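A.B. asks: In this note's numbering, the protein residues as written are 2 to 117. Heads up, the beta-carbon is just placed ideally off N, CA and C, and yes, glycines get one too. Bear in mind the structure is a predicted one, so any value in this text is a computation, not a measurement.
#1: Given that a residue counts as buried once 16 or more other Cβ atoms are within 10 Å of its Cβ, and exposed if not, what is residue 59?
#2: Just checking, does the region 39-54 make contact with the region 8-17 on the three C-beta pairs under 8 Å criterion?
#3: Going by alpha carbons, who is nearest to residue 34 out of 4, 55 and 73?
#4: Kindly indicate which three-state DSSP category residue 59 falls into: helix, strand or coil?
#5: Which residue comes first and which comes last in the alpha helix (DSSP H) that contains residue 33?
#6: Answer with buried or exposed for residue 96, where buried requires no fewer than 16 other C-beta atoms within 10 angstroms of its C-beta.
#7: Considering only the beta carbon of each residue, do residue 48 and residue 24 sit closer than 7 Å?
Next up, the structure:
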């Protein structure tokens, strides 16, 4: 019981809840949480307290700023999705240019045939 109290007072659970532990410390904390259900209950209380603290100091953005932020997010998402779309291979573009050339060459030869 003394070990649990000391572990709670060490601040490790607070660091675990905020993501402030390195991988080794996080594994140790998870092992302790798995062993002792009372530590898990304490972690839940810490998370509730952190959320309550964050909400008490949260600032609601103005409508103009909110729209600008959402617009930036949407624009970023659109650019991100467009960059994921593969572009046509250059071979296809060359073939397209050749098709255009042949169409104009054919039209020119037909025009020359009529003129002659």
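C.D. replies: So, from the listed chains and residues:
#1: Translated into the one-based positions of the chain shown, residue 59 becomes position 58. It counts as exposed.
#2: yes
#3: Residue numbering aside, residue 34 sits at position 33 when the chain shown is read from its first letter. Residue 34 has its Cα closest to that of 4, out of 4, 55 and 73.
#4: Numbered from 1 along the chain shown, position 58 holds the residue referred to as residue 59. Residue state, collapsed to three classes: coil.
#5: Within the chain shown, the letter at position 32 stands for residue 33. 24-36 is the span of the alpha helix (DSSP H), which, as asked, contains residue 33.
#6: Taking the chain shown and counting its residues from 1, the one referred to as residue 96 is at position 95. Its pLDDT being 49, under 50, residue 96 is placed unreliably by the model, and the measurement read from it follows with that caveat. Residue 96 comes out exposed.
#7: Sequence index remark: in the chain shown, residue 48 carries index 47 (1-based). Sequence index remark: in the chain shown, residue 24 carries index 23 (1-based). Not in contact: residue 48 and residue 24 (Cβ atoms no closer than 7 Å).
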